[in-house]
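So the sequence shown is numbered by numbering that gives the first Met the number 0: it starts at 0 and just counts up by one. Backbone N, C-alpha and C define an ideal beta-carbon position, used for all residues, glycine too. Notes for the one structure printed next.
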Amino acid sequence: MIECNRTMEQARRDFAQGRLTGAVLVRVPMSRDWTVRLSGTKGDAGMLLDVQTLEPYVFHSLDAAVAAIEQIGFPFTQLKVQ
């Protein structure tokens, strides 16, 4: 798997161009915070980055993480826990 992190702007662009296939919400270990991992069409995957720090963007609620996925362009209709 190729690591390919993206900022929100890059994620929106890549989604619009059909380069993203999915998003996964990942819980930050030992916290109630969340990050977003994006999957690409070429087998690449990476974290959604904070544009100011270029570190993974940390969301303090599940609602905020879902809102970010929707801002990228993904339709969010179901939350499935495995």
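Within the same chain, and ignoring the five residues on either side of V25 in sequence, the residues whose Cβ sits closer than 6 angstroms to its Cβ are T34 and R36. Taken in chain order, the complete beta strand (DSSP E) segments of 3 residues or longer contained in the segment 1-33 are 19-26. According to the DSSP assignment, L48 belongs to the beta strand (DSSP E) that extends over D43 to L48. Between F58 and R18, the alpha-carbon positions lie close to 24 angstroms from each other. Residue range L61 to I71 is occupied by the alpha helix (DSSP H) that includes Q70.
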